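Asks:
Number of protein chains: 2
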Amino acid sequence: MRTRLLASKPLYIQLREKLIDRIASGEWKGGDAIPNEIELARIYGLSSGTVRKALNWMEAAKLLVRQQGRGTFVCDRSDADTAELYVRVRAPDGHLPKLRCECASVEVAPAHADERAILDLPAGAEVRRIRQTYFIGDTPLSWVRSTVPLDLFPLPIDEAKEYCALPQLAKRCGVILGKGEERLRFAAADAEAAERLKCTPGEMLATYERRVNTIDGRVAEWKRGFEKLPEGYYYSVPLGVDTQSLD
Amino acid sequence: MRTRLLASKPLYIQLREKLIDRIASGEWKGGDAIPNEIELARIYGLSSGTVRKALNWMEAAKLLVRQQGRGTFVCDRSDADTAELYVRVRAPDGHLPKLRCECASVEVAPAHADERAILDLPAGAEVRRIRQTYFIGDTPLSWVRSTVPLDLFPLPIDEAKEYCALPQLAKRCGVILGKGEERLRFAAADAEAAERLKCTPGEMLATYERRVNTIDGRVAEWKRGFEKLPEGYYYSVPLGVDTQSLD
DNA sequence: AAGTGGTCTAGACCACGAG
DNA sequence: TCGTGGTCTAGACCACTTC
Chain A
68 MRTRLLASKP LYIQLREKLI DRIASGEWKG GDAIPNEIEL ARIYGLSSGT
118 VRKALNWMEA AKLLVRQQGR GTFVCDRSDA DTAELYVRVR APDGHLPKLR
168 CECASVEVAP AHADERAILD LPAGAEVRRI RQTYFIGDTP LSWVRSTVPL
218 DLFPLPIDEA KEYCALPQLA KRCGVILGKG EERLRFAAAD AEAAERLKCT
268 PGEMLATYER RVNTIDGRVA EWKRGFEKLP EGYYYSVPLG VDTQSLD
Chain B
68 MRTRLLASKP LYIQLREKLI DRIASGEWKG GDAIPNEIEL ARIYGLSSGT
118 VRKALNWMEA AKLLVRQQGR GTFVCDRSDA DTAELYVRVR APDGHLPKLR
168 CECASVEVAP AHADERAILD LPAGAEVRRI RQTYFIGDTP LSWVRSTVPL
218 DLFPLPIDEA KEYCALPQLA KRCGVILGKG EERLRFAAAD AEAAERLKCT
268 PGEMLATYER RVNTIDGRVA EWKRGFEKLP EGYYYSVPLG VDTQSLD
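So the sequences go chain by chain: A and B.
Under the numbering used here, the first residue of the first sequence carries the number 68, and numbering increases by one thereafter.
Under the numbering used here, the first residue of the second sequence carries the number 68, and numbering increases by one thereafter.
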């Protein structure tokens with residue numbers, strides 16, 4: 068009967084966008100149980116099959132966890148499991164190292180041409196630029212410059228300094244992160260990197276350029292810098308297709 | 068009616084395993100159209116919903132491509148699109164570079180203790196060990212040692228020399244590759260690597276250790292070696308969850 | 001026992017591609 | 001026009017968790 072596909076998008080996509088909004092807005096927080104399938108179907112006037120399709124997608128996207136017999140729960144998008152997806156450095160034991168961050172500078176300014184191109188921003192858009200050093204304990208790990216669109220993360224500068232890790236910042240600002248890419252290579256440290264990372268200028272370090280998108284396809288962050296891995300640390304790079312997470 | 072879940076596995080998993088077998092065995096080759104949903108449902112005595120669930124999983128796993136109005140087609144698991152998933156090196160233009168391989172040695176032998184542990188093999192199992200150099204044009208890129216379980220890839224040594232890239236070898240032997248992990252770091256070149264890669268011993272190079280599983284969870288390859296990226300080349304590391312491939 | 005998600009069915013109808 | 005996959009429905013029944 069009711070097949071008003073006139074809104075052009077499939078109903079299961081419209082539904083998941085509504086549910087994502089309810090998570091992004093903070094109405095549903097990490098750990099909360101959401102209404103069951105039948106209830107959601109009644110609320111939104113859909114069949115349970117359509118609801119299920121939306122929920123399964125959100126589970127694969129790590130926005131929800133479903134447990135037979137218990138219910139459907141919202142994932143905390145700033146916990147270690149999520150952060151792990153956006154930081155590839157691993158300690159010798161295979162775990163994500165505990166990182167500490169020192170913010171060297173924060174500024175808000177109109178985006179440069181390169182920033183507008185990479186972040187896909189219109190002329191006149193503003194960005195926030197942060198320079199920061201990450202530490203493992205007291206050992207400097209990396210020295211990076213990060214640029215984010217101000218409209219996605221509209222925080223006062225003082226508060227922005229507090230959020231060094233992107234997943235935390237995104238949670239604070241109601242942004243859901245999606246896919247990203249990190250381009251990793253080796254290069255000689257420049258003078259500034261050498262000073263920050265306590266090494267000699269010209270020493271070969273890892274260097275990366277990273278872009279992370281929001282779940283709806285905007286570019287949320289452009290970050291680049293040098294990284295000096297401690298002995299035994301490595302980058303964990305996934306290969307192939309992860310078919311475990313798809314049933 | 069017919070709910071013999073007694074075989075313990077859900078029907079859609081049983082079905083996809085049967086379909087994967089028909090691809091792995093070579094019955095269905097890359098580019099072939101497979102029977103449509105309704106036909107598969109009739110053949111296997113299932114509802115079309117169950118068939119669809121199996122096919123959608125296989126599409127997400129990049130075993131099939133489905134096109135509305137045309138049909139369902141088998142992916143070539145040795146083409147560039149697939150190889151891209153198992154090699155992270157990219158040329159400055161963002162594309163997978165064309166690699167050439169020279170095989171330095173091949174041997175078949177009982178697995179050492181470390182190989183049995185990593186490849187998850189029983190005592191007495193045999194492996195094939197290959198040492199090879201990869202080139203981009205005439206420039207040496209990497210020097211690696213690879214170990215594979217012989218029972219997965221039972222080729223005579225002469226033929227084994229011909230298959231340097233894992234996706235090609237897997238296709239030849241009816242093995243479907245799944246997920247893997249590459250551990251990447253920097254280290255000083257040892258004497259052998261320096262000779263093969265035409266650099267000085269002690270020079271800092273990338274070094275990696277890579278494991279790739281089959282789609283049903285066996286370990287298909289353990290590979291490790293040194294890599295010297297040409298200027299402008301980089302490693303492309305995926306971040307976050309790819310939600311594009313899930314509808 | 002009650003409530004949840006997981007599996008499976010048997011359809012209807014729509015959108016797309018090819019002849 | 002026909003055949004394909006894509007969307008959506010309205011159930012039945014099973015497996016698991018909790019009380």
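Every residue gets a Cβ at the ideal spot worked out from N, C-alpha and C, and that includes glycine.
As the structure is a prediction and not an experimental result, all values here were calculated from the model.
Tyr111/B touches chain A at which residues, Cβ-Cβ below 8 Å?
Replies: Working through the second sequence from its first residue, we reach residue 111/B at position 44. What Tyr111/B touches in chain A: nothing, since even the nearest Cβ is about 18 Å away.
Asks: Does the separation of the CB atoms of Val141/A and Gly98/A fall below 8 Å?
Replies: Stepping through the first sequence from its first residue, residue 141/A is reached at position 74. Stepping through the first sequence from its first residue, residue 98/A is reached at position 31. Taking 8 Å as the Cβ cut-off, Val141/A and Gly98/A qualify as a contacting pair.
Asks: Please report the straight-line C-alpha distance between Gly307/B and Asn280/A, rounded to a whole angstrom.
Replies: Locating residue 307/B in the second sequence gives position 240, counting from the first residue. Locating residue 280/A in the first sequence gives position 213, counting from the first residue. Between Gly307/B and Asn280/A, the C-alpha separation is close to 9 Å.
Asks: Reducing DSSP to helix, strand and coil, say where Cys170/B ends up.
Replies: For the purposes of this step, residue 170/B is taken as residue 103 along the second sequence, with counting starting at 1. In the structure shown, Cys170/B sits in a strand (DSSP, three-state: E or B).
Asks: Have a look at Ile90/A, Ala192/A, Leu78/A, Leu82/A and flag the residue whose alpha-carbon is nearest the alpha-carbon of Ile243/A.
Replies: Reading the first sequence from its first residue, position 176 is the one you call residue 243/A. When only C-alpha atoms are compared, the closest one is Ile90/A.
Asks: With a cut-off of 8 Å, does the C-beta of Arg239/B fall near any C-beta of chain A?
Replies: Within the second sequence, residue 239/B is the residue found at index 172, counting from 1. For Arg239/B, the answer is no, since every Cβ of chain A falls outside 8 Å of its Cβ.
Asks: Along the chain, where does the alpha helix (DSSP H) containing Tyr79/A start, and where does it finish?
Replies: Looking up residue 79/A in the first sequence gives position 12. It spans 78-91 - the alpha helix (DSSP H) in which Tyr79/A sits, taken as one unbroken run.
Asks: Determine the burial state of Arg137/A: buried for a count of at least 16 other Cβ atoms within 10 Å of its Cβ, exposed for fewer.
Replies: Taking the first sequence and counting its residues from 1, the one referred to as residue 137/A is at position 70. It is exposed - the Cβ of Arg137/A has fewer than 16 other Cβ atoms within 10 Å.
Asks: Buried or exposed for Gln199/A, going by 16 or more other Cβ atoms inside 10 Å?
Replies: To locate residue 199/A, count along the first sequence from 1; it is residue 132. By the neighbour-count rule (16 or more Cβ atoms within 10 Å), Gln199/A is buried.
Asks: Using a C-beta to C-beta distance shorter than 8 Å, which residues of chain A count as neighbours of Asp309/B?
Replies: The sequence position of residue 309/B within the second sequence is 242, counting from 1. Ordered by position in chain A, the residues that pass the 8 Å Cβ test against Asp309/B are Lys246.
Asks: For Leu182/B, collect the residues of the same chain with a Cβ closer than 6 Å to its Cβ; drop the 5 residues on either side in sequence, then sort them by chain order.
Replies: The residue given as residue 182/B occupies position 115 in the second sequence. This sequence places Glu at residue 182/B; Leu is not what is there. Hits under 6 Å: Val194, Thr214.
Asks: How many Å lie between Asn103/A and Val118/A at the Cα?
Replies: Looking up residue 103/A in the first sequence gives position 36. Looking up residue 118/A in the first sequence gives position 51. Distance between the alpha carbons of Asn103/A and Val118/A is about 10 Å.
Asks: Counting beta carbon pairs with one atom in the stretch 81-89 of chain A and one in the stretch 121-137 of chain A, are three or more of them shorter than 8 Å?
Replies: At 8 Å Cβ cutoff, the stretches touch.
Asks: Is the distance from the Cβ of Arg250/A to the Cβ of Trp210/A below 8 Å?
Replies: Numbered from its first residue, the first sequence carries residue 250/A at position 183. Numbered from its first residue, the first sequence carries residue 210/A at position 143. Their beta carbons are not under 8 Å apart, which means Arg250/A does not touch Trp210/A by this criterion.
Asks: Along the alpha helix (DSSP H) that carries Leu107/A, what are the first and last residues, could you check?
Replies: Locating residue 107/A in the first sequence gives position 40, counting from the first residue. That run of the alpha helix (DSSP H) goes 104-111.
Asks: Does the beta carbon of Ile87/A come closer than 8 Å to any beta carbon on chain B?
Replies: Position 20 of the first sequence holds residue 87/A. No, Ile87/A lies away from the interface with chain B (no Cβ there is under 8 Å from its Cβ).
Asks: At a Cβ cut of 7 Å, what residues of the stretch 250-266 of chain A count as close to chain B, listed as they run along the chain?
Replies: Answer set for the stretch 250-266 of chain A: Arg250, Leu251, Arg252, Phe253.
Asks: Quick check on Leu72/A - is its C-beta less than 8 Å from some C-beta in chain B?
Replies: The sequence position of residue 72/A within the first sequence is 5, counting from 1. Low local confidence applies: a pLDDT of 40 at Leu72/A is under 50, so the model's placement there is unreliable, and no value is given.
Asks: If you draw a straight line from the alpha carbon of Leu82/A to that of Gln311/B, how long is it in whole angstroms?
Replies: The residue you call residue 82/A lines up with position 15 of the first sequence. The residue you call residue 311/B lines up with position 244 of the second sequence. Taking the straight line from one Cα to the other gives about 17 Å.
Asks: Cβ closer than 8 Å: which chain A residues qualify as neighbours of Pro207/B?
Replies: Position 140 of the second sequence, counting from 1, holds the residue named residue 207/B. Here the premise fails: no neighbours, minimum Cβ distance about 16 Å.
Asks: Closer than 7 Å: is that where the CB of Ser114/A sits relative to any heavy atom of the ligand MN?
Replies: This structure lacks the ligand MN, and indeed carries no ligand of any kind.
Asks: May I have a chain-ordered list of the alpha helix (DSSP H) segments no shorter than 4 residues that lie completely inside the stretch 209-241 of chain B?
Replies: The stretch 209-241 of chain B contains these whole alpha helix (DSSP H) runs: 224-227, 233-240.
Asks: Checking the sheet assignment: what are the DSSP bridge partners for Asn280/A?
Replies: Position 213 of the first sequence, counted from the start, is the residue given in the question as residue 280/A. Partner(s): Val286/A.
Asks: Could you confirm whether any beta carbon from chain A is found closer than 8 Å to the beta carbon of Ile90/B?
Replies: For the purposes of this step, residue 90/B is identified with residue 23 of the second sequence, where counting begins at 1. No, Ile90/B lies away from the interface with chain A (no Cβ there is under 8 Å from its Cβ).
Asks: The beta strand (DSSP E) with Ser303/B in it runs from where to where?
Replies: Numbered from 1 along the second sequence, position 236 holds the residue referred to as residue 303/B. Run containing Ser303/B: 301-306, per the beta strand (DSSP E) assignment.
Asks: Going by DSSP in three states, Val154/A sits in which element: helix, strand or coil?
Replies: Sequence index remark: in the first sequence, residue 154/A carries index 87 (1-based). Coil at Val154/A, not helix or strand.
Asks: Rounded to whole angstroms, what is the Cα-Cα separation between Val154/A and Cys170/A?
Replies: One-based indexing of the first sequence puts residue 154/A at position 87. One-based indexing of the first sequence puts residue 170/A at position 103. So the two alpha carbons sit approximately 18 Å from each other.
Asks: Is Met68/B close to chain A, meaning its C-beta is less than 8 Å from at least one C-beta of that chain?
Replies: Start at 1 with the first residue of the second sequence, and residue 68/B comes out as number 1. In this prediction, Met68/B scores a pLDDT of 36, lower than 50, which makes its location untrustworthy; the coordinate-derived value is nonetheless stated afterwards. Cβ-Cβ to chain A under 8 Å: no for Met68/B.
Asks: Under a CB-based cut-off of 8 Å, is Ile282/B close to chain A?
Replies: Residue mapping note: residue 282/B aligns to position 215 of the second sequence, counting from 1. Chain A, which has a Cβ nearer than 8 Å to the Cβ of Ile282/B, makes this yes.
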